[in-house]
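A short worksheet on the structure shown next.
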Amino acid sequence: MTLRKFTRAEATAYGFLAVTLLFCLLPFIWVVLASVDPNASLFLSLPKGITADHFVKVFTANNGRRWFFNSLVTVGATTAVVVVVGGMGGYALSRTNAWWKSPFLYAIILVRVLPPTALIVPLYKFMLFANGLMGAVVRSVVPPDSARSAMQICGFVDGYLGLILVLSAMQLPLALWIIKTYFDLTPKDYEEAALMDGANGFQRMHRILVPLALPGLGAAGLLTFIGAWGDFLMPLTFISSAELQLLPIGLFRAFQRANTIDYGYLSALALLYMLPAVVAFGLARRFLIQTFTGGIKG
Amino acid sequence: MAMTYETRMAWQNRMLLVPAMVLLGCFILIPAAAAIYISFTNAALNGFAASHPQFVGLKNYVRLFSDEGFWNSLIVTFYFVFGSSIVGQFVLGLASAIALSRPIAFKPVFNAAILLPNAVPEVVAGFIWISMLGGGKYSTLSRIVGLFGIAPQNWLESVPLLMIIVVNTWRGIAFAMILMTSGLSAVPAEVYEAARMDGATPSQIFWRITLPLLRPTIFLYMLVSTAGTIAIFGLIYTLTRGGPGGATEIIGIYIYNQSFTAYQLGYGSAVAVIVLGVSVAIGAIYARVLKVQV
């Protein structure tokens, strides 16, 4: 093996990338070290010993476990809703030639750029209104002593259902785009052949469409999960009771309590919280370009 | 039952879109329209106006134009968008994309490192950056610059706007890099070879070939990234909540604070309507650039 000399351009490239790498990874060093440090503080220091206590505490302490559970339930349900609703809608958008197709597609692009913060006030009022309706319904069918717990599940303000629907609506435009683009690539011939062979609607969906569109549905699901899992504004606005709190807000609030912050515990929690997002991001890596360009080209 | 196959399919398509339309309608379109209505009222979160909002015409908008907080927020937002997405993320993302387009060792490592800040949730990003920046002489940044003889300080109080620009740059390099990489890969290798044959220097190649050929990608990036940066909320809220003294109060945080901290829903909605208008304008250009295919 001969040692070849670096050209100047190569040296510049390596130098630049090394600095960028350092910039990108530097903030993570503290959270990783603090999560195993028995005496973790807000500041970077080499741990004197190593402990797994903080991670254990996430799953034994009531708060951490509950936040994880709440996040998994709402984000999981959101992903399911978006994949199903987006799957149906994306298929219809791909197959139709009606006059409303192109206005609809334009509208989706416009909806995607609306900042959620600009919608939050009317959204809050709408949710209060819907919550009132739902409350009336719940009180009329459920005995009074369990009405409160019923509202925690199907309420619109401070309830799972409302948060799931809001998160779904926010993630839906992107999912529609991706799935529509995917169905555009799958030829109509398969469906028509199945139709000729006498397959009914359910069989066509189950045997032909879903398998064909699986990569598109998967990509939409992953990106929905990432978006909803990291969302901060919606749980901040719509969840107030402690037992329904999600990970991002739980972490944020715990971090705000100036005097009694357990940095080791919060670091472990933060690492565990970011893990699913990072894994999903890694899996969705090759679809990312679509999210940024609106799903038009791969 | 005289429906033809086509009619049946047309109805089927419409029905399949109903759930999506209900979700988008209830949680995005109706709120967007309601924002316009609320912005003409004195709706509030508490007090008499909460139960009896009055129509006040353009009062909120008039107040907007003489409100220092609003103008301050616009200026902060402008610096924030310009500094982080148009300069920081773009320059570092383009440079990374160019560096990684060469045959380089450890490419996946560099790639993963650049992608990681983009993958973590906003709260985690805020959390770890507080350790970097907060706490005077013990913060990581103070200790690093201390090596060069710069005095330690509480960075989120001495240069808050610059710091949120740095943090958002950190978070978004990946986004620019991915887009620029796809733009670069569309440039045929022969173009570069031909230029090199003719004796072009690397800087000539960059300014005369790479940059002009990337122009459509760059334009698309600027649009998407500007819209995305205007929408940022959690990242800055967890870091500074808009403070100190409004120094980092980007428009999303201003709306939130006006509505839920100052309880003035009507006024907050007027700001929201302005932001919606700007976003729709960006979106319209964006849709045009993408040339929506039917």
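Residue numbers (the working numbering), protein chains in the order written: chain A, 87 to 384; chain B, 224 to 517. From the three backbone atoms N, C-alpha and C, an ideal C-beta is built for every residue, glycine too.
Min CB distance Met87 of chain A to chain B below 8 Å:
Bear in mind that the predicted position of Met87 of chain A carries a pLDDT of just 44, short of 50, making it unreliable; the figure below should be weighed with that in mind. Taking Cβ atoms only, chain B never reaches closer than 8 Å to Met87 of chain A, which makes this a no.
Beta-carbon within less than 8 Å of Val410 of chain B's beta-carbon, same chain only, minus the 5 sequence neighbours each way: which residues are those?
Ile432, Thr433, Leu436 and Leu437
Kindly list, in the order they appear in chain A, the residues whose Cβ is closer than 7 Å to that of Leu281 of chain B.
The contacting residues do not exist; Leu281 of chain B stays about 18 Å from chain A at best.
May I ask you to list, following chain order, the residues of the stretch 411-425 of chain B that have a beta carbon less than 8 Å from some beta carbon of chain A?
Pro425
Could you compute how far the alpha carbon of Ser157 of chain A sits from the alpha carbon of Leu333 of chain A?
6 Å
Give every residue of the same chain whose Cβ lies closer than 7 Å to the Cβ of Leu355 of chain A, excluding the five residues on either side of it in the sequence, and list them in chain order.
Val144, Gly150 and Leu337
Strictly below 9 Å CB to CB, what residues from chain B border Pro113 of chain A?
Pro340, Ala348, Ile351, Trp352, Ser354, Met355, Thr363, Val390 and Trp393
Could you give the distance in angstroms between the alpha-carbon of Tyr490 of chain B and the alpha-carbon of Asn265 of chain B?
7 Å
For the alpha helix (DSSP H) that Thr164 of chain A lies in, which residues bound it at each end?
Asn148 to Arg181
7 Å Cβ cut-off: residues of chain A touching Ile459 of chain B
Those within 7 Å of Ile459 of chain B in chain A number zero; the least Cβ separation is about 10 Å.
Please report the distance separating the alpha-carbon of Cys240 of chain A from that of Tyr246 of chain A.
6 Å
So who's on the other strand from Thr264 of chain B, going by DSSP bridges?
B:Phe278
Counting only Cβ pairs nearer than 9 Å, list the residues of chain B close to Val117 of chain A.
Val347, Phe350, Ile351 and Ser354
So is Thr346 of chain A in contact with chain B if we call contact Cβ pairs under 8 Å?
no
Near-chain B residues of the stretch 326-344 of chain A (beta-carbon distance less than 7 Å), N- to C-terminal order:
Pro334, Leu337, Phe338 and Phe341
So, are the CB atoms of Ile294 of chain A and Ala370 of chain A less than 8 Å apart?
no
Using a C-beta to C-beta distance shorter than 8 Å, which residues of chain A count as neighbours of Val498 of chain B?
Pro201, Thr203 and Ala204
Please report whether the beta-carbon of Ile505 of chain B lies at a distance below 8 Å from any beta-carbon of chain A.
yes
Less than 8 Å between C-beta atoms, sequence neighbours within five positions excluded: which residues of the same chain meet that for Gly381 of chain A?
Any reading at Gly381 of chain A needs caution, since the residue's pLDDT is 42, under 50, leaving its predicted position unreliable; the model's value is listed next. Contacts found: Leu260, Trp263, Ile264, Lys266 and Thr267.
Could you tell me whether the Cβ of Lys211 of chain A comes closer than 8 Å to any Cβ of chain B?
yes
CB contact flag (Arg320 of chain B, Met244 of chain B, <8 Å)
In the sequence as displayed, the identity of residue 320 of chain B is Ala instead of Arg. Contact: no.
Can you list, in chain order, the residues of its chain whose CB lies under 6 Å from that of Leu356 of chain B, leaving out five sequence neighbours each side?
Ser362, Leu364, Trp378, Leu379 and Met386
Under 8 Å Cβ-Cβ, which residues of chain B neighbour Cys110 of chain A?
Ala336, Ile337, Leu339, Pro340, Trp393 and Ile396
Output yes if chain A places a C-beta closer than 8 Å to the C-beta of Ile441 of chain B; else output no.
no
If we count the other Cβ atoms within 10 Å of its Cβ and call it buried at 16 or more, is Trp186 of chain A buried or exposed?
exposed
Whether Ile505 of chain B touches Gly475 of chain B by CB criterion (8 Å)
no
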